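In our numbering, the protein residues as written are 1 to 468.
Yeah, the Cβ is synthetic: ideal placement off N, Cα and C, and Gly gets one too.
Bear in mind that the values here come from a model prediction, so they are computed numbers and not experimental data.
Here the structure is laid out as structure tokens; the discussion comes afterwards.
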Ligand code: HEM
């Protein structure tokens, strides 16, 4: 039987996973935290809410047991900075990522050292800021094409609309290919995969993946399906025999300093990783953006004026620069990334004994830092639950301590596509605002936090004219 990401073993080059710490084997004192017998249920029902209330009740460093294993929640900016940057080498990626590897294989998101950095260096160039700027026209062209079907007075499902738009942008720019025929298939499988991945924040659940019951079977077949699409993209490119300097071209030509090439499986895994991480996250933020705008219509007018101004520079050399420095869409995007960070938790595992905020965390502990929790800390974000884009004016971001705001992560595991996503977000927000106004049809969407913090349902919106 062929080895697929679903069946592949953990690469032997990775550091061995340390033994989990069980209730009986923890020898050191641990910080206070929730100990309710219903804890697993509460955690599963609403994980971001659970973590936030743990921080509110027990402070910046808290502990709890899940599946019998010791977890820490580390929420102070200082601790976030230690986990993601200054002490990052004391950690590997934690719960959820082993399972994510079954879908994405050993791509950048799931890879561990030493393979991760080797690949990251190879994949850096299409994400260099000078290159990113050249993508603005393509992003705008695809946005125009997508929204040209929207009719004033009609209703659209914004969630799926944003998914297929961001999917097409990533496919076109990074892989130079029109895979719109696969959009639906990828989205269906992605949806299942993302849903099932996050459920395994509960350690040990992944042992059930081979159980012959539909829930787990569907996960397996979704993973295989995605792998097939990635393989097809690569096969098509090789058969076409065209050399391009997009990401796929780079991966196919890439050589490490010692002359080693990426294998077909590695290229396929990186392709899938980029398709997943490059579209679902941005699509979710944009769906939240227009949901907040619908509830806060006072921001439309400024946004339309900004759209008219910035988009009039289309075709000029500094178009991307104008987009990057557009203040209103920037503040709205930042505020939505704060309130609804698509990546809302970063699970890690301590490879050795380590101190966070001067407090001891033992080797083997699971450590969760959470964008959702830290971004709603009232010490840094007054009225943390309110949508207030104006808080981002002046040098607010620079005034924050390191680790207080980290929607794209930090350190060597920082998002590879942060500037790509920022530019894309700007283009889509402004082009939609220039043409239309969107209003929620059925109330502000509930969150459905899984591997990403996504809005529940299709988010139907009424389309009306941008300006009266
Ligand atoms: C608003 C949109 C996005 C957000 C909020 C976001 C957020 C993140 C975060 C927080 C991480 C680090 C995860 C961790 O530390 O465990 C990450 C990693 C990553 N992201 Fe993004 N991302 C976004 C869009 C994108 C886009 C558009 C791309 C590519 C086109 C991309 C590619 C990646 C990759 C490859 C990684 C793994 C990096 C590594 O470990 O070396 N992301 N992203």
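Span of the alpha helix (DSSP H), counted from its first residue to its last, around residue i
i           : result
residue 49  : 47-58
residue 421 : 418-435
residue 238 : 214-240
residue 278 : 264-295
residue 509 : Residue numbering for the chain in the displayed model covers 1 to 468; residue 509 lies beyond these limits and cannot be assessed.
residue 161 : 158-175
residue 63  : Looking at the DSSP string, residue 63 is not in any alpha helix (DSSP H); the run it does join, the beta strand (DSSP E), is 61-66.
residue 396 : 396-399
residue 131 : 129-133
residue 120 : 115-123
residue 136 : 136-147
residue 77  : 77-81
residue 367 : Premise fails: residue 367 lies in the beta strand (DSSP E), 366-369, not in any alpha helix (DSSP H).
residue 252 : 247-253
residue 307 : 300-311
residue 181 : No alpha helix (DSSP H) holds residue 181; DSSP gives it neither H nor E.
CB of residue i within 8 Å of CB of residue j, strictly
i           : j           : result
residue 368 : residue 71  : yes
residue 80  : residue 372 : no
residue 203 : residue 69  : yes
residue 193 : residue 223 : yes
residue 267 : residue 251 : yes
residue 82  : residue 441 : no
residue 270 : residue 100 : no
residue 470 : residue 452 : Since the first and last residues shown for the chain are 1 and 468, residue 470 lies out of range.
residue 370 : residue 345 : yes
residue 93  : residue 113 : no
residue 38  : residue 365 : no
residue 423 : residue 132 : yes
residue 416 : residue 276 : no
residue 185 : residue 229 : yes
residue 50  : residue 23  : no
residue 54  : residue 67  : no
residue 280 : residue 444 : no
residue 402 : residue 408 : no
residue 136 : residue 319 : yes
residue 166 : residue 282 : yes
residue 11  : residue 449 : no
residue 472 : residue 84  : Residue 472 lies beyond the residue range present for the chain, which begins at 1 and ends at 468; the question has no answer from this structure.
residue 390 : residue 331 : yes
residue 289 : residue 361 : no
residue 216 : residue 225 : no
residue 437 : residue 300 : yes
Spatial neighbours of residue i in its chain, beta-carbon cut-off 6 Å, leaving aside the 5 residues before and after
i           : result
residue 287 : 158, 159, 162, 455, 459
residue 363 : 18, 350, 352, 353
residue 465 : 152
residue 404 : 77, 380
residue 384 : 376, 378
residue 109 : 273, 277
residue 175 : 233, 248
residue 254 : 122, 262
residue 488 : Because the chain is modelled from 1 through 468, residue 488 falls outside the range shown and cannot be assessed.
residue 220 : 6
residue 30  : 63
residue 231 : 268
Endpoints, the beta strand (DSSP E) within which residue i is located
i           : result
residue 453 : 453-455
residue 332 : Unbroken run through residue 332 is the alpha helix (DSSP H), 327-339; no beta strand (DSSP E).
residue 17  : Counting along the chain, residue 17 falls outside any beta strand (DSSP E), and DSSP gives it neither H nor E.
residue 449 : 447-449
residue 463 : 460-465
residue 93  : 91-93
Same chain, Cβ closer than 8 Å to residue i, neighbours up to 5 away in sequence not counted
i           : result
residue 430 : 303, 306, 307, 310, 311, 323, 326, 329
residue 507 : In the structure as shown, the chain begins at 1 and stops at 468. Residue 507 is therefore absent and cannot be evaluated.
residue 341 : 371, 372, 375, 407, 453
residue 434 : 304, 307, 308, 311, 466
Close-in-space but distant-in-sequence residues of the same chain around residue i (CB under 7 Å, 5 per side omitted)
i           : result
residue 107 : 269, 270, 272, 273
residue 425 : 282, 285, 286, 333
residue 313 : 319, 322
residue 467 : 304
residue 14  : 112
residue 446 : 456
residue 388 : 335
Around the ligand HEM, which residues pass a check of Cβ closer than 5 Å to any of its heavy atoms? If you measure from each CB to the nearest heavy atom of the ligand HEM, the residues under 5 Å come out as 108, 109, 120, 277, 278, 281, 282, 285, 342, 343, 346, 407, 408, 409, 413, 415, 416, 417, 420, 421.
Would you call the stretch 415-430 and the stretch 124-142 in contact, with 3 or more CB pairs under 8 Å? Touching, yes, given that three or more Cβ pairs across the two stretches are closer than 8 Å.
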